[in-house]
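There are 4 protein chains.
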Amino acid sequence: MDRYIRTDLALELKDDVEEGSLDGIKIYTKKNQGTNIVETRIDVMNEKGEKTLGKPVGTYITLESTALRGSDEDIHKPLSETLHKYLKTMIRGKEKILVVGLGNREVTPDALGPYVVDNLYITRHLLAEGIVSSVREISAISPGVMAQTGIESSTILKALCEKVKPDVVIAVDALAAREPSRLNSTIQICDTGISPGAGVGNNRIMLNEETLGVKVIAIGVPTVISVPAIVYQAIDSMLEAILDKNVKVEDSLSEEDKYNVACELLEPELAAMFVTPKNIDEAVKRVSFTISEAINKFFEL
Amino acid sequence: MDRYIRTDLALELKDDVEEGSLDGIKIYTKKNQGTNIVETRIDVMNEKGEKTLGKPVGTYITLESTALRGSDEDIHKPLSETLHKYLKTMIRGKEKILVVGLGNREVTPDALGPYVVDNLYITRHLLAEGIVSSVREISAISPGVMAQTGIESSTILKALCEKVKPDVVIAVDALAAREPSRLNSTIQICDTGISPGAGVGNNRIMLNEETLGVKVIAIGVPTVISVPAIVYQAIDSMLEAILDKNVKVEDSLSEEDKYNVACELLEPELAAMFVTPKNIDEAVKRVSFTISEAINKFFEL
Amino acid sequence: MDRYIRTDLALELKDDVEEGSLDGIKIYTKKNQGTNIVETRIDVMNEKGEKTLGKPVGTYITLESTALRGSDEDIHKPLSETLHKYLKTMIRGKEKILVVGLGNREVTPDALGPYVVDNLYITRHLLAEGIVSSVREISAISPGVMAQTGIESSTILKALCEKVKPDVVIAVDALAAREPSRLNSTIQICDTGISPGAGVGNNRIMLNEETLGVKVIAIGVPTVISVPAIVYQAIDSMLEAILDKNVKVEDSLSEEDKYNVACELLEPELAAMFVTPKNIDEAVKRVSFTISEAINKFFEL
Amino acid sequence: MDRYIRTDLALELKDDVEEGSLDGIKIYTKKNQGTNIVETRIDVMNEKGEKTLGKPVGTYITLESTALRGSDEDIHKPLSETLHKYLKTMIRGKEKILVVGLGNREVTPDALGPYVVDNLYITRHLLAEGIVSSVREISAISPGVMAQTGIESSTILKALCEKVKPDVVIAVDALAAREPSRLNSTIQICDTGISPGAGVGNNRIMLNEETLGVKVIAIGVPTVISVPAIVYQAIDSMLEAILDKNVKVEDSLSEEDKYNVACELLEPELAAMFVTPKNIDEAVKRVSFTISEAINKFFEL
């Protein structure tokens, strides 16, 4: 029960919910035999579900593949095909796609979105100039982060959506997870939008149908863990270790106590930091390529 | 008289105009003794001037410094101060600045605009959040090129100006020149706007007060020469060389003839190419830094 | 007969040789029906062949695929497989490979080598640490160019080969071609080594068995055309155009004359410049990926 | 007493040493009034000092400037001048300098070394070609990290030193600190060499006079904190917090116990992770520029 600890993954939030109390939530899981990809679908059905999970009504799909973290290239094709399949279900025949690469291309674990945009087949201008026809209209932008532009991503994108008039926005961003094992090996897709900069701890105005005026499908990959998450887990393990020494401390600290202590003992400077693996360059390059491929399959109508 | 040959520099267009026919144009030149910076100001006064020069009514300032091409770091300070001085005259107390870095950061000679934006002090979000006060509002964006976004830069920027409401836009882009000696050693500032992608031959919709609804000051540096410009000059020199051999050919070819021949004999693929120096990486890095510094001096109100 | 005009492609040099005079050279060409890849093999057999072609004794293979220039992703698999097949023949069972990415990653058309190295599976350290076994030893380096290091690539690589002791070096670099249509659509493989920086006109000390003490297989892709090549072709076409006007000039200029005129009329600054297409970023990314994949297939012994 | 917790800073190690036991160590500190730069010099005099501090005999200088972390550009000039002054003392008239940029340019907090090399004035090739004279010979290389090359940096650099024969090597690398407040605001210079990859936790073979055959001066800036350091500090604070609740636990855990517990409770995956601030892109760019400037001042003999 770590519900005070930051995660962007519905899958990890679900772990916090006590069994039997999944009111308003439906969960389906399947493991593909050949590819070892685990697909989890969490439907938040209503307000009760929202409260239980802490996420708005909608569908959250998670694809997990430990192979994604290794250098096994064979996983890309099935994974990008699975990702495309779910995106297709969510897009439901909508024709014009604007892909948004959120994040800062100069900070490796935050560069996922811009890297995905770098590898897309863009068609909007080719259609407008009559160079191609009978392909889907795909446009894209990597707006940069607030420290680079001074402007909220939601402001830039709302302005752009009003002019470009896409039928759907696909927003790609780096996320934060709690579990180190999930970094760079999990892809989350949801139809409820996204808060840009979530992964690196810059909470900004949500991008969703309400703010942009067009449906927003979010694709996210956890590339970082927040420092409080690491510290909380350490404290938790510490207390257990102490308990094993037969010292009664646990009783004196509730879940919330522990969280508050974790926050208190963090120097304020640590709040603006994140934890990321040393091989983050290869990991982000690999998974961004898989996502680009999944989106590029929309090229044909 | 090379007026058929592409250049983005008012200074080079001026060379085409025959002496005594500078109707509607005023030209001032001065050379700074200490720094060797040559400052040329060309005022296009009226329609006559527009016809003569082939540029809209407005002011075109060119700063030339051969030292900019070498590794002489001492030139940066006086050059960025001179640039700032002219920008200040053009901005005339306008307070909120949106800087636009045009061009493609993945193609070295086209990366000038994005590089300039990378080195700016952005304040708009800090002012909004109350972190700073009494500084000028500066925001910025590098929108990417049409092949990356599928969207005209003018569309993105018009949308953005409507929301961000800057008092003035400073647009930075790479330009094309005719003279190899001017590459990376000349900075042009004008108050009439800019056509993005001019340098690399992608003529797009103009960015100016008419299209963006806000005054546009353009800063450009020639980083490339167009292939037709190179070929035209070669043909021209060739014909002179032949003439020297006492063969009468020149008579048979008018200025326009020569230009048409130059275009005809170019394989169509060459039209999408440009000429650039081998050390373009250092040159663009150096001059982009000078421009960033000149803009950063607007930080203080 | 354009033999004065710079090209790094044996294929283009061959075009200069008059028919019937192919003494010391053998040429085989085949076109793959399914993939449209044209494979040309030129064997320079002896000193006579060296004189005829202007390239040292050895084998030069060229793979041409117009599809490589488009966004047709289907060409990558067959092209990287064909490239791997020829590399395998040249490597002949040698076990330890050192891949060298020549060129300057900061100048887009010169970044081919570093980009290829960026996408390799490196195994040498994993073998040394016992993390993997039964895979081929692959190491790699992108040494940078002389303007960045102050050191000849041949010096760095000779030093490295003495310590790392590879069985074979695969050196990847950008090349210069004459024909615009060949840029980014042609891959040349040869077993005689390479002169780093050839493409962008920086002729350096050769990398070959003589200088490095180990066999050097070179993979090159033309990404630029030299300015003299463009100018020469323009002059040539111009003279033909003039001839069509019934003016006798051609007689007065020999092949060598024309070349000398081309050189004379070039401003010296143009010698340090090159011609490259506007979409060079996408083109280099695409072909570097194909080459990386071909080399990565050596992973398994 | 946190001496089990990883830091690359002599300054932080010194804090672990109990007062009065500074046997074999001499420490001098001064604060510059105008610039607020704090200069600390730690001399490890002999074997006793080595044991006390855990660092080899030599001189360790630390420059601290909180201004370096802000956007105050005025600090660069005095800081790079102070850095140059100390480098000069250590170089002692040695003429030929090889600068080594350690680290991975694709991982932002590890890119310090390559970024410094990117901004150097390289002269070795210009001297060799007679283009300049009466300047110092400066060469440089960014060899890449083991995951990119498969080769130990020490192997590459020993090979290179044998050929290039510099009089001194200046090696620049990112470091790890314990204190969040020291990240990107501290520069350490020492004359005892460096272990590449220290900052991101990849301990490799030392680069020093013994391994390279030439004196090695190391410049380092802490850009990351190791995960165990964060966790250890959290545990420590936690135990204090518990103590405050009058529960006697502390007694049951020695310093070493605590460290072991910290290690045990870390998932092994966390060992390959690091903690870094969100604005690491700006921070690394800024400090790398200061270091480049300090080295560039060696240009003149």
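Chains as they are written, first to last, in our numbering: chain A, 1 to 301; chain B, 302 to 602; chain C, 603 to 903; chain D, 904 to 1204.
Ideal Cβ positions, reconstructed from N, Cα and C, are used throughout, including at glycine.
These numbers come from a predicted model, not from an experiment.
Which of helix, strand or coil DSSP assigns to residue i
i, result
"C:GLU842", "helix"
"D:ASP919", "helix"
"C:LYS696", "coil"
"C:ALA713", "coil"
"D:ILE1194", "helix"
"D:GLU1058", "Position check: residue 1058 of chain D holds Thr in this sequence, whereas Glu was assumed. In the structure shown, D:THR1058 sits in a helix (DSSP, three-state: H, G or I)."
"A:GLY130", "coil"
"C:MET647", "coil"
"C:MET748", "helix"
"D:ASP1184", "helix"
"C:ASP676", "helix"
"C:THR637", "coil"
"C:LEU665", "strand"
Nearest-angstrom Cα separation, counted from residue j out to residue i
i, j, result
"A:PRO109", "A:ASP281", "7 Å"
"A:GLY130", "D:LYS1181", "43 Å"
"B:THR591", "D:SER1042", "26 Å"
"A:GLN33", "A:GLU39", "11 Å"
"B:GLY494", "B:GLY325", "20 Å"
"A:ASN296", "D:LEU986", "50 Å"
"D:ILE1092", "D:ALA1079", "14 Å"
"B:GLU365", "B:ILE376", "11 Å"
"C:GLU652", "C:LEU624", "11 Å"
"B:LYS378", "A:ALA111", "33 Å"
"A:LYS163", "A:ILE91", "20 Å"
"A:GLU269", "D:ILE940", "21 Å"
"A:SER142", "A:PRO166", "16 Å"
"C:ARG784", "C:ALA836", "18 Å"
"B:MET507", "B:ILE531", "26 Å"
"A:ASP15", "A:GLN148", "36 Å"
"A:ILE151", "B:GLU601", "20 Å"
Chain C contact residues for residue i, given Cβ-Cβ distances below 8 Å
i, result
"D:ARG1039", "The premise fails here: D:ARG1039 is roughly 11 Å from chain C at the closest Cβ pair, so nothing lies under 8 Å."
"B:ASP582", "ASN706, GLU708, VAL709"
Neighbouring residues, chain D, relative to residue i (Cβ below 7 Å)
i, result
"C:ARG726", "GLY1053, ILE1054"
"C:ILE772", "What C:ILE772 touches in chain D: nothing, since even the nearest Cβ is about 14 Å away."
"A:SER195", "None at all; the shortest Cβ gap to chain D is about 15 Å."
"A:LEU270", "PRO1083"
Where residue i meets chain A, residues with beta-carbon distance less than 8 Å
i, result
"B:SER443", "GLY144"
Within chain C, the residues that residue i reaches when beta carbons sit closer than 9 Å
i, result
"D:GLU942", "Within chain C, no residue comes near D:GLU942; the closest Cβ sits about 31 Å away, beyond 9 Å."
"B:PRO357", "Result: empty, since nearest Cβ-Cβ is about 26 Å, beyond 9 Å."
Chain-ordered chain D contacts of residue i [CB-CB under 9 Å]
i, result
"C:THR825", "Under the 9 Å cutoff, chain D gives no residues; its nearest Cβ is about 22 Å from C:THR825."
Proximal residues of chain A, C-beta to C-beta of residue i below 7 Å
i, result
"B:GLU463", "ALA159"
Residues that residue i contacts on chain B, provided the C-beta gap is smaller than 7 Å
i, result
"A:SER139", "THR450, GLY451, ILE452"
Sequence-distant residues of the same chain with beta carbon closer than 7 Å to residue i, five excluded per side
i, result
"B:PRO481", "ILE526"
"B:SER381", "THR591, GLU594, ALA595"
"C:SER839", "none"
9 Å Cβ cut-off: residues of chain A touching residue i
i, result
"B:THR456", "LEU160, LYS163, VAL164"
Proximal residues to residue i (C-beta, below 8 Å), its chain only, five neighbours per side dropped
i, result
"A:MET45", "GLY24, ILE25, LYS26, VAL57"
"C:LEU615", "ARG605, THR609, LEU655, GLY656, LYS657"
Other residues of its chain near residue i: CB distance less than 6 Å, five sequence neighbours each side excluded
i, result
"B:ILE362", "ARG342, TYR387, ILE490"
"C:THR637", "PRO680"
"D:VAL1130", "LEU1173, MET1176"
Proximal chain B residues relative to residue i, where beta-carbon distance stays under 9 Å
i, result
"C:GLY807", "The sequence shown places Ile at residue 807 of chain C, rather than the Gly named in the question. What C:ILE807 touches in chain B: nothing, since even the nearest Cβ is about 18 Å away."
Does the count of Cβ pairs from the stretch 954-972 of chain D and the stretch 994-1005 of chain D closer than 8 Å reach three? no
Counting pairs of Cβ atoms below 8 Å between the stretch 158-170 of chain A and the stretch 215-226 of chain A, do you hit three or more? yes
Using 8 Å as the cut-off, can you tell me whether the stretch 1056-1064 of chain D makes contact with the stretch 1020-1039 of chain D, which would need three or more C-beta pairs spanning the two stretches below that distance? Taking a cut-off of 8 Å on C-beta distances, the stretch 1056-1064 of chain D does not touch the stretch 1020-1039 of chain D, as fewer than three cross pairs fall below it.
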